[in-house]
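Adding 1 to a residue's 1-based position in the sequence shown gives its number in the numbering used here.
Using N, Cα and C, we set each Cβ at its ideal position, and we do this for glycine too.
Notes to accompany the following structure.
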Amino acid sequence: MNPLQISTPIGMIGPLLILCGVAFAILLLDLVLPHSQKHWTGTIALAGVAWAFVVAAGQWGSEQRGYADMVVLDDLSTLFNLLFLASTFVTILLSEPFLRSENVEQPEYYALLLFCTAGMMLLASALDLITLFLGIEVLSISLYVLAGYRRGSDASNEAAMKYFLLGAFASAILLYGIALTYGATGTTNLSRIAESFTTSGSQFPEGLLLAGMAMILVGFAFKVALVPFHMWTPDVYEGAPTPITAFMSAGPKAAAFAAFLRTFFVAFGPIHGDWNMLLSVIAALTMTVGNVAAIAQTNVKRMLAYSSIAHSGYVLIGLVAGGNVGGTASIFYLLAYTAMNLGAFAVVILLEHRGVGGDELRDYAG
2 MNPLQISTPI GMIGPLLILC GVAFAILLLD LVLPHSQKHW TGTIALAGVA WAFVVAAGQW
62 GSEQRGYADM VVLDDLSTLF NLLFLASTFV TILLSEPFLR SENVEQPEYY ALLLFCTAGM
122 MLLASALDLI TLFLGIEVLS ISLYVLAGYR RGSDASNEAA MKYFLLGAFA SAILLYGIAL
182 TYGATGTTNL SRIAESFTTS GSQFPEGLLL AGMAMILVGF AFKVALVPFH MWTPDVYEGA
242 PTPITAFMSA GPKAAAFAAF LRTFFVAFGP IHGDWNMLLS VIAALTMTVG NVAAIAQTNV
302 KRMLAYSSIA HSGYVLIGLV AGGNVGGTAS IFYLLAYTAM NLGAFAVVIL LEHRGVGGDE
362 LRDYAG
């Protein structure tokens, strides 16, 4: 079979295509709808997410690889797709009070959310480092704009700029790691990278691959806010609109961890011992720093940001443990964490809507 042949049924990425199609439709409607009718784009976005959820649920149990072996459809990707769609649905519902009170353009907001979710779904289905990088960039670029969506707020603009600069830096490191990995193995496919450990023998440039793996690890560490690559998180979470803070702390973090797990279990699984101890130390530092720093916070969003950092350490423990049990534990924790975090931020949004004056803990005094 020609490895470049791309004859996979388009339904394999059906949910992703639905989101992109609805996002483009919303942008087109923005051109023709009068301003008083643009709020209907939120309903259209909800309907699109629900449609994609039903299609994704119907894919449960399917096992398929396609598009030159760059994308995989399996229970892991389907589970994460359902998680992403559910978190996006909740975020759209939580965003309505913010959009109404800020009087900002709604169609672009919903379109960016859908594009971001499409990037998350591509990330969870990536079986190739190039596809993985593409998913990260689609996700990240949408979030950069959403983080600064409150254009009249200096804090929101600062959050967007800081997120963009550090995110671009992390992406560059990740891409350099991908390049080194390709130079060492001659492939960017995760399965073939794993095979190269047993087929290359003594000629295998192990040092080059380990350097590439380390840079990929640093790139992921920025995306999921592992210590010591977490410094952007509190400032961005505090400055971004609260619904977007809720969203980026749940869905995108889960998407990055989905790619993290698949990359290190599949591609670098044969050298588990080479990175296991390093990740153990990072996990311990992340849990400790996140929890200790959260105790000292007086701002609710910063407190939840440090809590999110600590939770990243907990998820990482499953990756350190390895095997099916460790991977399953990480996935289960991500499911519970996503629901918990969206619920916590939903309370913050509700209190803001009811007139609580700010994000400081003293504002919540009875």
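C-alpha distance - residue i paired with residue j, whole-angstrom precision
i: residue 99; j: residue 74; result: 36 Å
i: residue 300; j: residue 241; result: 14 Å
i: residue 49; j: residue 332; result: 26 Å
i: residue 18; j: residue 116; result: 10 Å
i: residue 160; j: residue 296; result: 22 Å
i: residue 114; j: residue 263; result: 24 Å
i: residue 288; j: residue 26; result: 43 Å
i: residue 182; j: residue 307; result: 32 Å
i: residue 294; j: residue 249; result: 20 Å
i: residue 3; j: residue 175; result: Reliability of the predicted coordinates at residue 3 is poor, the pLDDT of 42 falling under 50, and the value obtained from them is presented with this limitation in mind. Distance between the alpha carbons of residue 3 and residue 175: 29 Å.
i: residue 52; j: residue 223; result: 32 Å
i: residue 214; j: residue 267; result: 13 Å
i: residue 164; j: residue 314; result: 21 Å
i: residue 312; j: residue 258; result: 12 Å
i: residue 227; j: residue 36; result: 42 Å
i: residue 85; j: residue 235; result: 23 Å
i: residue 45; j: residue 111; result: 9 Å
i: residue 54; j: residue 187; result: 37 Å
i: residue 197; j: residue 125; result: 23 Å
i: residue 321; j: residue 355; result: 43 Å
i: residue 33; j: residue 43; result: 16 Å
i: residue 269; j: residue 220; result: 15 Å
i: residue 305; j: residue 353; result: 16 Å
i: residue 57; j: residue 15; result: 8 Å
i: residue 329; j: residue 104; result: 43 Å
i: residue 132; j: residue 140; result: 12 Å
i: residue 185; j: residue 343; result: 41 Å
Paired residues, beta bridge with residue i - DSSP
i: residue 66; result: 73
i: residue 127; result: 72
i: residue 342; result: Residue 342 is not bridged to any residue.
i: residue 300; result: 361
i: residue 190; result: 129
Range of the contiguous alpha helix (DSSP H) that encloses residue i
i: residue 234; result: 233-240
i: residue 61; result: Note, residue 61: premise wrong, no alpha helix (DSSP H); not H, not E.
i: residue 16; result: 15-33
Reference residue i, options the options, closest by Cα
i: residue 130; options: 148, 90, 195 and 151; result: 195
i: residue 274; options: 161, 324, 44 and 351; result: 324
i: residue 93; options: 215, 71, 352 and 41; result: 41
i: residue 279; options: 311, 51, 261 and 218; result: 218
i: residue 447; options: 207, 318 and 239; result: A query on residue 447 cannot be resolved here, the shown segment of the chain reaching from 2 to 367 and no further.
i: residue 39; options: 303, 136, 106 and 330; result: 106
i: residue 237; options: 350, 269, 283 and 155; result: 155
i: residue 232; options: 21, 191, 88 and 166; result: 166
i: residue 361; options: 239, 354 and 286; result: 239
i: residue 285; options: 256, 316, 119 and 77; result: 316
i: residue 256; options: 47, 336 and 11; result: 336
i: residue 128; options: 352, 330, 283 and 265; result: 265
i: residue 151; options: 270, 210, 245 and 338; result: 245
i: residue 191; options: 12, 118, 225 and 66; result: 66
i: residue 172; options: 353, 142 and 149; result: 142
i: residue 303; options: 102, 270, 13 and 349; result: 349
i: residue 148; options: 253, 132 and 328; result: 253
i: residue 11; options: 47, 29, 60 and 31; result: 60
i: residue 91; options: 365, 22, 23 and 339; result: 339
i: residue 89; options: 63, 120 and 69; result: 120
Heavy atom of the ligand NAD within 7 Å of residue i beta-carbon
i: residue 287; result: In terms of ligand content, the structure shown is empty, and the ligand NAD therefore cannot be addressed.
C-beta neighbour in chain B for residue i, strict 8 Å
i: residue 105; result: In the structure shown, chain B cannot be found, because there is only a single protein chain.
(request) Entirely within the region 206-278 and at least 4 residues each: give me those alpha helix (DSSP H) ranges in chain order. (result) Listed in chain order, the complete alpha helix (DSSP H) runs (minimum 4 residues) inside the region 206-278 are 207-225, 233-240, 243-249 and 252-263.
(message) Please give the ranges of any beta strand (DSSP E) in the region 82-159, keeping only runs that are unbroken, at least 3 residues long and fully inside the region.
(response) Qualifying beta strand (DSSP E) stretches: none in this window.
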